[in-house]
Amino acid sequence: MEQIQKMIREKAMQYAEEAFAEHEEQVFTAFDCIIACGYEARQSGLLALEEKAEGWKKEEGNKIPLKELLICMVQELVDASDMDSWDEKAYRQITEMGCSGYEWYIAEIYVTGCKQVYRGMTAAQYYQACRVMVPYGQQERFDSFWERRSKEAQVWGEVHIEDWAEYTFRKEAAVRAAFHKRFRKMKPEGLRWILKEIPDKILAAALAGAEDSLRIRFLKYMPPDQRAYILAEWYENRNEEYGLRDIEKAMERMTMAAGLMGEGL
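First residue of the sequence shown: 1, per this note's numbering; consecutive thereafter.
If you want it as structure tokens, here you go:
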């Protein structure tokens with residue numbers, strides 16, 4: 001597998017100068033697609049890329065180079081359990097496709113970009129990862145492209161940030177309300193079932209964001225060993241504070257598990 005990766009990378013860089021000299025528009029379109037994927041993933045998570053890939057499928061007349069390859073890579077990225085399995089599929093697709101000339105460079109842009117998207121890099125880290133692929137003589141043009149693209153994204157963000165913030169706060173409030181409503185009235189046997197079925201790290205994160213009365217109620221029904229573990233988790237993590245998203249996800253998971261129990265508990 002490493003030999004295939006090395007071969008594709010070498011071919012890609014062999015055609016890098018030609019790609020910028022004769023196919024610059026397609027090169028920047030490829031980078032643009034990856035930048036868009038990175039932005040979507042950072043804002044809404046990897047699952048949002050499934051919708052983006054479906055959108056590309058439906059668009060007619062767009063100029064995305066190696067469009068089918070990109071769509072396949074992005075869809076595989078959403079479902080990938082790890083990057084090793086994704087790597088194998090991606091490189092197999094490239095070799096089976098039979099790239100020629102500058103297409104090797106486009107394919108490598110997609111591979112490198114998708115990996116950075118999966119790793120959740122910041123915009124600055126992502127810029128550096130992309131820039132190392134650009135031939136030295138073309139880096140100034142790449143910088144200009146990136147600056148322009150970043151400004152466009154910033155303008156879009158400023159326009160939509162108020163709507164995004166309102167949606168986020170409403171969703172967070174709804175998750176917390178559902179969590180407290182479900183577990184305030186749950187019978188003791190239901191609480192004991194939840195305490196056995198939910199991993200302790202998830203319990204600790206969810207209860208760290210819960211009301212005092214609900215935390216005390218859960219602690220009351222915990223076995224001594226579990227209670228000691230949860231208290232230690234809070235002691236270690238409370239100073240650094242749990243992330244809001246970590247708490248929200250943990251509360252969602254517990255509420256969903258409780259819903260599967262039915263109305264009897």
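Where a beta carbon is used, it is the ideal one built from N, C-alpha and C, also for glycine.
Problem - Spatial distance of Glu-40 from Leu-77 (CA atoms) - result: So the two alpha carbons sit approximately 13 Å from each other.
Handout entry: Cutoff 6 Å; reference Asp-200; Cβ partners in own chain excluding five residues on either side
Key = Answer for Asp-200: Tyr-229, listed in chain order.
Handout entry: Proximal residues to Leu-260 (C-beta, below 7 Å), its chain only, five neighbours per side dropped
Key = There are no such residues.
Handout entry: Check whether Ala-174 and Tyr-105 have beta carbons under 8 Å apart
Key = At least 8 Å separates the beta-carbon of Ala-174 from that of Tyr-105.
Practice task
Report the residue ranges of all alpha helix (DSSP H) runs contained in full by the stretch 14 to 89; include only those spanning at least 4 residues, in chain order.
Solution key: Entirely contained in the stretch 14 to 89, the alpha helix (DSSP H) runs reaching 4 residues are, in chain order, 16 to 22, 24 to 44, 48 to 58 and 67 to 79.
Exercise for the section: For Glu-158, count neighbouring Cβ atoms within 10 angstroms of its own Cβ and tell me buried if that reaches 16, exposed if not. Expected result: Its pLDDT being 49, under 50, Glu-158 is placed unreliably in this model, and the value from its coordinates should be taken loosely. With fewer than 16 Cβ atoms within 10 Å of its Cβ, Glu-158 is classed as exposed.
Handout entry: Boundaries of the alpha helix (DSSP H) in which Gly-190 is found, first to last residue
Key = Looking at the DSSP string, the run of the alpha helix (DSSP H) that includes Gly-190 is 188 to 197.
Practice task
Indicate whether Met-300 and Thr-112 have their beta-carbon atoms separated by less than 8 Å.
Solution key: No statement about residue 300 is possible, as the shown extent of the chain runs from 1 to 265 and does not include it.
Practice task
For Glu-40, decide whether its Cβ has a neighbour in chain C, counting only Cβ atoms nearer than 8 Å.
Solution key: Note that chain C does not occur in the displayed structure, where there is just one protein chain.
Exercise for the section: Please report how far the alpha carbon of Leu-219 lies from the alpha carbon of Ala-12, in whole angstroms. Expected result: A direct Cα-to-Cα measurement between Leu-219 and Ala-12 gives close to 58 Å.
Handout entry: Under 8 Å between C-beta atoms of Arg-131 and Gln-139
Key = Cβ distance < 8 Å, so Arg-131 and Gln-139 count as in contact.
Problem - Straight-line gap, Glu-24 to Pro-65 (C-alpha atoms, nearest Å) - result: One C-alpha to the other measures close to 11 Å.
Problem - Per-residue DSSP class, three states only, for Lys-249 - result: Of the three classes helix, strand and coil, the one that applies to Lys-249 here is helix, per DSSP.
Problem - Per-residue burial, Ala-266 [other beta carbons within 10 Å of its own, 16 or more giving buried] - result: One cannot answer for residue 266 here, as it falls past the ends of the chain, which runs 1 to 265.
Exercise for the section: Kindly indicate which residue of Ala-80, Glu-248, Phe-31 and Glu-189 has the alpha-carbon position closest to the one of Lys-171. Expected result: Among Ala-80, Glu-248, Phe-31 and Glu-189, the Cα nearest to that of Lys-171 is on Glu-248.
Practice task
Taking Ala-206 as part of the alpha helix (DSSP H), name the residues at either end of that continuous run.
Solution key: It spans 200 to 208 - the alpha helix (DSSP H) in which Ala-206 sits, taken as one unbroken run.
Exercise for the section: Quick one: residues in its chain with C-beta nearer than 7 Å to the C-beta of Met-97, no 5 flanking neighbours on either side, listed in chain order? Expected result: Cβ neighbours of Met-97 beyond the five flanking positions: Leu-69.
Practice task
Count the other CB atoms, across all protein chains shown, that sit within 10 Å of the CB of Leu-244; report buried if there are 16 or more and exposed otherwise.
Solution key: Label assigned to Leu-244: exposed.
Problem - The alpha helix (DSSP H) enclosing Cys-114, as first and last residue numbers - result: For Cys-114, the enclosing alpha helix (DSSP H) has its first and last residue at 103 to 119.
Handout entry: 7 Å CB neighbourhood of Ile-109 in its chain, flanking five on each side removed
Key = Taken in chain order, the residues that qualify are Ala-30, Phe-31, Ile-34 and Met-133.
Exercise for the section: Could you give the DSSP three-state label for Ser-144: helix, strand or coil? Expected result: In this structure, Ser-144 counts as helix in the three-state DSSP scheme.
Practice task
Can you grab the Cα-Cα spacing for the pair Phe-20 / Pro-135, in whole Å?
Solution key: In a straight line, the C-alpha of Phe-20 is about 9 Å away from that of Pro-135.
Problem - Helix, strand or coil at Gly-137 according to DSSP, with G and I counted as helix - result: Helix.
Exercise for the section: Keeping to the same chain, check which residues put their C-beta closer than 8 Å to that of Glu-59; ignore five residues upstream and five downstream. Expected result: Closer than 8 Å at Cβ, skipping near neighbours: no residue.
Problem - For Gly-98, three-class secondary structure by DSSP - result: The answer is coil: DSSP assigns Gly-98 none of H, G, I, E or B.
Problem - Closest by C-alpha distance to Val-117, when choosing among Lys-187, Leu-46 and His-180 - result: The residue with the shortest Cα to Cα distance from Val-117 is Leu-46.
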